[in-house]
Amino acid sequence: MYLIYRFIICSHDTFIMSRGHQSGKDGIHRRRDRPISVWKEKDSIEGNEVSALVIILDGPGCTWSKNVGCTMCGYNNDVSEGHIENDDLMEQVKIALDRYDGEPYVKIFTSGSFLDPSEISTTVQKDTIGSITDLSDIDRILVESRPEFMTEDLMTPLTKGDHALEIAVGLETSSDMIRSKFIRKGFIWDQYVKSSKKAIELGCLLKTYLLMKPPFIGENDAINDMISSISDVHSNFPGSRISVNPMNIQSNTVVENLYKRGLYRPPWLWSLVKVLKEGSSIANGKTHLMSSPSGGGKKRGVHNCGECDAKVLESIQEFSIRNNISILPIIEGCCSKEWNEYVSSSSISIL
Amino acid sequence: MPDPRSSYRIDIIDGPTRCGKLESDSGKVKLPILIDIENEGPGKIKVIFPERMDASFDRREGSDPHPIMVDHMMKGLSRIKADSMVGAVSAFSNRFFLMSGENFSEVPLTTDLLSRVITTDPFLLSDLLIAIKGNDPLHDPLYLPGTGGTLDLETLFYLGVEVFDTMKARSDGRNGIYYTERSSLDATELKNLGGASSICSCQACSGTGEDLSNLSISDHNVEMIGKRLKMAVFYLRKGSLREHVMATLAGKPEQMSILRKVEKGVGWDLGGCTPSFRRSDKVAVTYRDDLNAPDHSLWRQRIIEEFTPIPTKRLLLLLPCSARKPYSSSRTHRRIDNALNSVKGWKTICQRLVLTSPLGAVPMELESLYPAAHYDIPVTGDWHNEEIEHIRKLTGSVMKKGNFDKVICYHHDRDRFFPEAIGRSQLFGSEFVDVHGLADDEGIRPDEMLRRTISPELEGPMDLNRRENEVMEVLKAIEFSTGIEFEFTRDLNIKTSWRGSMLRSGKRDLFDLKIGGPVPTKEAGKIAWEVEGNGKRIMIDDFTPKGTLFSHGINEVKGIVRPGDIVLIGHDDTFKAVGRAMIPGSMMGTPIRGNGVKVLSYMK
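One line per chain: the protein sequences are A and C, in this order.
Residue numbering for the first sequence follows our numbering, starting at 24 and increasing by one per position.
Residue numbering for the second sequence follows our numbering, starting at 1003 and increasing by one per position.
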């Protein structure tokens, strides 16, 4: 039994510790007392650039994904099968926190819902948050959850302490039609609003993930959907954070099947720029808009022609921290005309 | 069936292909149409083809989706392991409408925005087309968004798609795929041709150097498919669209498989839509797939189902085909005739059957009909198994319906067609004479052997003399071609002049024996009308039809009528006119509008 660690230099020049890709589904037995990955990255708090520690726990994975599953989600690929002991999870947290070096922001990802007791027991939830709040200089802890687990009972014990608990919810879109039929997310807008209001009531911070360009949605529709979703989230939760996540094609997903058949192209970077620009105008500096595209500039991620990708991505990254619209590039030159034609003629609108 | 409030006017129906107009009070849209959809879709759209056409496009939510489309969409998602997206089908399955003028009208299209799930899968696409065509040839105009690229434009138009958009052409352009007259090439290769302007004079290409931007390629592609659709419509009107489509299929195996599957799956007749007559001078049979072109399949089926030999024929004489048509004008057949000239009355007892491909077999009395007098196939001396199968099947069918004492085979390749008969002198239970084999054995010419074989069969009195036999054979061709049965009388005669041949009764002209098929005069039509059930009949109100009879003006159709068929037009007991059907009888008198019958001659 070997546990392979490797060190990868991230684009933001920090070292990360990552276990090699040994899926539990490939028949190779893995230990469950090591996190999948830990790294540090730039993020922002209240518009100020901060360093964040990112911890990917080797949890049991998303219950929704196991039972139904979203069309774009391949996170279950990284999740080990079988039971995981609470002690193992806590050992993972301990190992991850060994890397802690005064970062004010810690983000915990479990490839599922941290607040789902069937994934992460309430004891582990409390102990994990507790062990982080014990650290000095902690300002904010981020966890992810589906809205159905954002109940008072589950959230209250995690809000004790000086830190701010930020709960990230994968709303994906404010359109129930798109979320239910194209993403198959399994909850509706009203549920999200209700749960998020409760979280804010309890002193939590809200971060909303939006998914740009679900399958079968044309480029133009995808842009319009994101802009209207930003508007809807902003008007309900001004001052929260919105992360626009352009689709990246993950393995063993419906979207990958479509992509392989030529039925899907990830969104253009220009489209993302347009969404962030128009979204920023709507948010008017009150709601923090950001985007950290996975696979940006790659064929399977948000991309342009290949020539201008790096430059545009850099601007988006900078914008995400500063939330300053002037950082975003002007949509002109390079492949912008082709993008414009693509948006015009890519498909008939269904919205 | 289209909504009765809407109006689809058929101009041409030819096998699976359709071409017509959408009509309403607010205007007309000619089909096929190539539309440039931009931005939101609904609303005014730019029409690339036909030129100078305005059209609008709309989508209605809440309208019933097309059940066949939905069914295939579900299958398509399942095939790509995207079952979980079935919910998307209902989201997309709205009806689309296309109309000229400002106001949309209830003219639905058979379409679905998710159709790319189907159109990227040749098997599923052919299944869809089979289901739609097989279910109802009167289906609403078909639109499969995202089709109409360089690969599939002609094939899908041939298979019945009437609305195309520019999405694929533009997408290919953005990816550097440059469309040509029949195919495409990588735009980087244009420099090897001296630049785009040296091979294309469209606005996007002209004046460009070796480098053409992807946006210009996109514009060029749109213009090119507009031109290509125009050409396809031209060939449809000419009656040779299938030939044109086959010529564009080189290097497109997926499209070929779709065409094969649809032609086989829907059946050759396509609900009676395959024409029995074309104006073409020649029908080229270039590819192996042409063996099963609807026109050829229709001929084979009709010979099996409808042809019966003249009862006086006691011998079945199997003959080779010839490049020149009709066969009797060829050197080969003139030589056979010369060899048998000394055998008086041989034609009265011989049912001559020409063995050929792709038609399988042609009874000699039908040699002037379409497509027997028109097909042109390259001869190599090789026969495919499928061709042999057709020949054997049709020969067997004619033998079964006739009353033949012997089968006399005068064909070089008899051992390929009937290997079991060689040496055993038996074919399908009848005596079989292998003329070439006997000639070889005796060291004489086959012509001479043929004469020696037939001569002894002519002993004793003949049922018919030569002239009477000639008339009988013409009557047989008339019956097969028009469904009109004329009783044989001694005063029937054939007059041949420089203008052609005419069947007459005394001095009264009855049928113009044209190449393509006999055409009755109005006198012949009147005589035929007097016998109940004679000929294919169109019943109308009491008026004198002139020019063109519209489909919706037809009250009833008696008999199976295909496009190109000669029909008799009348009201109750009164004969009115002779015409040629322009659409299948099954579509006449339906809410689908359009030309029904072209009137050839009428009673004043």
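Glycine included, each C-beta is placed from N, C-alpha and C at the ideal position.
Only a predicted model underlies this, so the values are computations on that prediction, with no experimental measurement involved.
Chain C contacts made by the region 285-307 of chain A, where a contact means CB separation under 8 angstroms = Residues passing the 8 angstroms Cβ filter: G285 and L286.
Residues that M1087 (chain C) contacts on chain A, provided the C-beta gap is smaller than 9 angstroms = Locating residue 1087 (chain C) in the second sequence gives position 85, counting from the first residue. Simply T94, K204, F205, R207, P238, F239, V277 and L281.
What does a CB cutoff of less than 7 angstroms around M1076 (chain C) pick up in its chain, not counting 5 residues either side in sequence?
-> Position 74 of the second sequence holds residue 1076 (chain C). Non-local C-beta neighbours of M1076 (chain C) in its own chain, meaning closer than 7 angstroms and more than five positions away in sequence, comprise V1088 and V1091, ordered along the chain.
Measuring alpha carbon to alpha carbon, tell me which of A:V147, A:A306, A:D110 and A:S317 ends up nearest S252 (chain A).
-> Reading the first sequence from its first residue, position 229 is the one you call residue 252 (chain A). Nearest option by C-alpha distance: A:A306.
K48 (chain A): buried (16+ other C-beta within 10 angstroms of its C-beta) or exposed?
-> For the purposes of this step, residue 48 (chain A) is taken as the residue at position 25 of the first sequence. Confidence at K48 (chain A) is low in this model, with a pLDDT of 48, below 50, so its placement is unreliable and no value can be given for it.
In DSSP terms, what L1127 (chain C) is bridged to = Taking the first residue of the second sequence as position 1, residue 1127 (chain C) is located at position 125. Bridge partners of L1127 (chain C): none, in fact.
Under 7 angstroms between C-beta atoms of L351 (chain A) and V296 (chain A) = On the first sequence, residue 351 (chain A) is found 328 positions in, with the first residue counted as 1. On the first sequence, residue 296 (chain A) is found 273 positions in, with the first residue counted as 1. Contact: yes.
Does the beta carbon of K89 (chain A) sit closer than 7 angstroms to a beta carbon anywhere in chain C?
-> For the purposes of this step, residue 89 (chain A) is identified with residue 66 of the first sequence, where counting begins at 1. Closer than 7 angstroms: no.
Boundaries (first-last residue) of the beta strand (DSSP E) holding D1013 (chain C) = Walking along the second sequence from the start, residue 1013 (chain C) turns up at place 11. Per DSSP, the unbroken beta strand (DSSP E) holding D1013 (chain C) starts and ends at S1009 to D1016.
P1296 (chain C) versus P1565 (chain C) - alpha carbon distance = Numbered from 1 along the second sequence, position 294 holds the residue referred to as residue 1296 (chain C). Numbered from 1 along the second sequence, position 563 holds the residue referred to as residue 1565 (chain C). Taking the Cα positions, P1296 (chain C) is about 13 angstroms away from P1565 (chain C).
Ends of the alpha helix (DSSP H) at F1513 (chain C)?
-> Within the second sequence, residue 1513 (chain C) is the residue found at index 511, counting from 1. Boundaries for F1513 (chain C): no alpha helix (DSSP H) harbours it, while the beta strand (DSSP E) harbouring it runs R1510 to K1516, taken from the DSSP string.
Going by other Cβ atoms of all chains shown within 10 Å of its Cβ, with 16 needed for buried, is W87 (chain A) buried or exposed?
-> The residue labelled residue 87 (chain A) in the question sits at position 64 within the first sequence. By the 10 Å Cβ count, W87 (chain A) comes out buried.
Measuring CB to CB, does S134 (chain A) end up less than 7 angstroms from G97 (chain A)?
-> Counting from 1 along the first sequence, the entry for residue 134 (chain A) is found at position 111. Counting from 1 along the first sequence, the entry for residue 97 (chain A) is found at position 74. Taking 7 angstroms as the Cβ cut-off, S134 (chain A) and G97 (chain A) do not qualify as a contacting pair.
Within chain A, partners of L1122 (chain C) - CB distance below 8 angstroms = Start at 1 with the first residue of the second sequence, and residue 1122 (chain C) comes out as number 120. In the sequence under discussion, the amino acid at residue 1122 (chain C) is Thr, which differs from the Leu named in the question. Simply R284, G285 and L286.
Cα-Cα, which of C:A1530, C:D1066, C:V1235 and C:V1599 is closest to H1246 (chain C)?
-> Here the question's residue 1246 (chain C) lines up with position 244 in the second sequence. In terms of Cα proximity to H1246 (chain C), the closest of C:A1530, C:D1066, C:V1235 and C:V1599 is C:V1235.
Interface positions of the region 345-364 of chain A facing chain C (Cβ-Cβ less than 7 angstroms), listed along the chain | For the region 345-364 of chain A, which is checked against every Cβ of chain C, the residues closer than 7 angstroms are K360, E361 and E364.
Quick one: is Q148 (chain A) buried, meaning 16 or more other Cβ sit within 10 Å of its Cβ, or exposed?
-> As a first step, residue 148 (chain A) is located in the first sequence; it is residue number 125 there, counting from the start. With 16 or more other Cβ atoms from the protein chains shown falling within 10 Å of its own Cβ, Q148 (chain A) counts as buried.
Would you verify that the beta carbon of S368 (chain A) is, or is not, closer than 7 angstroms to some beta carbon of chain C?
-> Counting from one through the first sequence, the residue named residue 368 (chain A) turns up at place 345. True, the Cβ-Cβ gap to chain C drops below 7 angstroms.
Indicate whether at least one CB of chain A lies closer than 7 angstroms to the CB of L1217 (chain C).
-> By 1-based counting over the second sequence, the position of residue 1217 (chain C) is 215. Cβ-Cβ to chain A under 7 angstroms: yes for L1217 (chain C).
E1042 (chain C), DSSP secondary structure in three states = As a working note, residue 1042 (chain C) is residue 40 in the second sequence. At E1042 (chain C) the pLDDT is 46, less than 50, meaning the model places this residue with poor confidence; the figure from the coordinates comes in the next sentence. For E1042 (chain C), the three-state secondary structure derived from DSSP is coil.
Determine the direct distance from the alpha carbon of I354 (chain A) to that of N346 (chain A), and round the result to whole angstroms.
-> Translated into positions along the first sequence, residue 346 (chain A) becomes position 323. Translated into positions along the first sequence, residue 354 (chain A) becomes position 331. Taking the straight line joining both Cα atoms gives about 18 angstroms.
Taking the alpha helix (DSSP H) that K1403 (chain C) falls in, what are its first and last residues?
-> Here residue 1403 (chain C) is taken as the residue at index 401 of the second sequence, counted from 1. Residue range N1387 to K1403 is occupied by the alpha helix (DSSP H) that includes K1403 (chain C).
Taking just the CA atoms, how far does S1218 (chain C) sit from E361 (chain A)?
-> What you label residue 361 (chain A) is simply residue 338 of the first sequence in a count that begins at 1. What you label residue 1218 (chain C) is simply residue 216 of the second sequence in a count that begins at 1. If I take the Cα positions, the gap works out to 10 angstroms.
Cα-Cα separation between E1307 (chain C) and T1484 (chain C), rounded to whole angstroms | By 1-based counting over the second sequence, the position of residue 1307 (chain C) is 305. By 1-based counting over the second sequence, the position of residue 1484 (chain C) is 482. Those two C-alpha atoms are separated by around 15 angstroms.
Backbone secondary structure at S266 (chain A) - three-state DSSP = Along the first sequence, one-based indexing puts residue 266 (chain A) at 243. S266 (chain A): strand per DSSP, three-state reduction.
Less than 7 angstroms separating the beta-carbons of G1611 (chain C) and S1588 (chain C)?
-> There is simply no residue 1611 (chain C) to check, as chain C begins at 1003 and stops at 1606 in what is shown.
Between the CA atoms of H1222 (chain C) and Q1205 (chain C) - distance to the nearest angstrom = One-based indexing of the second sequence puts residue 1205 (chain C) at position 203. One-based indexing of the second sequence puts residue 1222 (chain C) at position 220. It is roughly 8 angstroms from the alpha-carbon of Q1205 (chain C) to the alpha-carbon of H1222 (chain C).
Would you say M1226 (chain C) faces chain A, with C-beta separation under 7 angstroms as the test?
-> As a first step, residue 1226 (chain C) is located in the second sequence; it is residue number 224 there, counting from the start. No - not a single Cβ of chain A is within 7 angstroms of the one on M1226 (chain C).
Is any beta-carbon of chain A found at less than 7 angstroms from that of I1082 (chain C)?
-> If you number the second sequence from 1, residue 1082 (chain C) lands on position 80. So yes, I1082 (chain C) belongs to the interface.
Nearest chain A C-beta to R1172 (chain C) closer than 7 angstroms, yes or no?
-> As a working mapping, residue 1172 (chain C) is identified with position 170 in the second sequence. So, interface residue.
Own chain, CB closer than 8 angstroms to A1325 (chain C), minus 5 neighbours either side, in chain order | Against the second sequence, residue 1325 (chain C) aligns to sequence position 323. Excluding sequence positions up to five before and after A1325 (chain C), its CB lies within less than 8 angstroms of the CB of S1332, D1378 and V1381, all in the same chain and listed in chain order.
Grab me the residues of V1356 (chain C)'s own chain with a C-beta within less than 6 angstroms of its C-beta, minus the 5 sequence neighbours each way, in chain order.
-> The residue you call residue 1356 (chain C) lines up with position 354 of the second sequence. Apart from the 5 residues on each side of it in sequence, V1356 (chain C) sits with its Cβ closer than 6 angstroms to the Cβ of L1321, C1323, Y1329 and V1364 in its chain, given in chain order.
Beta-carbon spacing of D66 (chain A), A75 (chain A) below 7 angstroms = Stepping through the first sequence from its first residue, residue 66 (chain A) is reached at position 43. Stepping through the first sequence from its first residue, residue 75 (chain A) is reached at position 52. In this structure, A75 (chain A) lies closer than 7 angstroms to D66 (chain A) by Cβ.
Over what stretch of residues does the alpha helix (DSSP H) that includes T86 (chain A) continue unbroken?
-> Taking the first sequence and counting its residues from 1, one reaches residue 86 (chain A) at position 63. Taken as a continuous stretch (DSSP letters only), the alpha helix (DSSP H) holding T86 (chain A) covers T86 to N90.
For K1538 (chain C), which residues from the same chain have a beta carbon less than 6 angstroms from its beta carbon, with the 5 sequence-adjacent residues on both sides left out?
-> Looking up residue 1538 (chain C) in the second sequence gives position 536. Listed in chain order, the non-local C-beta contacts of K1538 (chain C) below 6 angstroms within the same chain comprise G1485, G1561, V1563, D1567 and V1569, local neighbours out to five positions each way being set aside.
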